[in-house]
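Convert by adding 231 to the 1-based position in the sequence shown; the result is the number in the working numbering. All C-beta atoms, glycine included, are put in the ideal place defined by N, C-alpha and C.
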Amino acid sequence: MSNEPGNSSGGHTLPSQTTPGGRTHDFETLEQPNTAPPADHGCAGTSAHFPPGTLLLEKYIVEKVLGRGGMGVVLAARHRQLDELFAIKLLHPEMSGKPMILARFIREAQSAARLTSNHVARVHDVGQLADGTPCLVMEHLDGEDLSAVLHARERIPLDEAVELILQAGDALSEAHARGLVHRDLKPANMFITRRHTGETHLKLLDFGIT
Numbered sequence: 232m233s234n235e236p237g238n239s240s241g242g243h244t245l246p247s248q249t250t251p252g253g254r255t256h257d258f259e260t261l262e263q264p265n266t267a268p269p270a271d272h273g274c275a276g277t278s279a280h281f282p283p284g285t286l287l288l289e290k291y292i293v294e295k296v297l298g299r300g301g302m303g304v305v306l307a308a309r310h311r312q313l314d315e316l317f318a319i320k321l322l323h324p325e326m327s328g329k330p331m332i333l334a335r336f337i338r339e340a341q342s343a344a345r346l347t348s349n350h351v352a353r354v355h356d357v358g359q360l361a362d363g364t365p366c367l368v369m370e371h372l373d374g375e376d377l378s379a380v381l382h383a384r385e386r387i388p389l390d391e392a393v394e395l396i397l398q399a400g401d402a403l404s405e406a407h408a409r410g411l412v413h414r415d416l417k418p419a420n421m422f423i424t425r426r427h428t429g430e431t432h433l434k435l436l437d438f439g440i441t
């Protein structure tokens with residue numbers, strides 16, 4: 232689901248696209264009510280509106296929308312028990328009813344789950360909401376997609392560009408060795424984060440959906 236998204240991913244609308252992850256996000260701490268979290272919600276309406284506090288899959292509490300696109304919406308949601316932030320991708324209701332689109336969505340989960348490269352966004356779970364809406368639970372990424380980086384900087388130093396290409400190549404090499412093809416390879420689906428050392432770290436997003 233690319234930008235379409237927010238692409239920046241990740242958040243991507245994903246950040247602006249609709250990308251796992253998106254641009255750098257500062258997440259607000261939700262005030263926990265004294266009552267139990269709201270009931271598990273589906274993807275009601277094409278606007279796919281999920282206010283903070285919405286409970287998904289009985290364990291993820293929505294904090295904010297990371298991005299929207301033609302295929303669906305990506306949310307930042309915190310696991311109730313683990314207190315860990317994840318990115319949850321949901322298909323729009325009208326897309327969920329299309330067998331080909333649904334198959335690609337499932338294929339994305341299967342493809343990413345088979346890869347071990349540190350340069351592929353991790354998929355942790357796949358399932359359906361109470362109303363049958365397919366969802367994909369992925370690692371949450373802080374940063375922005377390469378499309379946003381290029382838009383802001385116009386160009387990047389040669390040594391940094393070479394490093395990004397090598398990292399993307401690492402992910403694609405494993406994918407191809409396993410017979411997998413990234414169906415939408417473009418800057419908006421290359422998410423840039425930082426290692427604890429400050430070094431640039433690239434993650435490929437959106438295997439399977441075009």
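Residue i classed as buried or exposed, judged by whether at least 16 other C-beta atoms fall within 10 angstroms
i: E294; result: buried
i: T364; result: buried
i: Q341; result: exposed
i: M421; result: buried
i: R335; result: buried
Coil, strand or helix - residue i by DSSP
i: Q312; result: coil
i: V412; result: coil
i: I332; result: helix
i: P365; result: strand
i: I319; result: strand
Spatial neighbours of residue i in its chain, beta-carbon cut-off 6 Å, leaving aside the 5 residues before and after
i: M369; result: P251, A318, A352, V354
Element boundaries [alpha helix (DSSP H), containing residue i]
i: M326; result: 324-327
i: R384; result: 377-384
Cut-off 7 Å between Cβ atoms - residues of its own chain near residue i, not counting five sequence neighbours on either side
i: T431; result: E391, E394, L395, I423, R425
i: G358; result: L288, C366
Element boundaries [beta strand (DSSP E), containing residue i]
i: V293; result: 291-299
i: V351; result: No beta strand (DSSP E) holds V351; DSSP gives it neither H nor E.
i: R425; result: 421-425
i: L435; result: 431-435
Cβ separation of residue i and residue j, assumed to be a contact under 8 Å, to the nearest whole Å
i: A399; j: L346; result: Contact flag wrong, Cβ pair sits at about 13 Å.
Contacts around residue i, its chain only, beta-carbon distance under 8 Å, and the 5 residues preceding and following it disregarded
i: D271; result: Caution applies to D271, whose pLDDT of 48 falls short of 50 and renders its modelled position unreliable; the value that the coordinates give is listed next. L286, L287, L288, E289, L360, A361, listed in sequence order.
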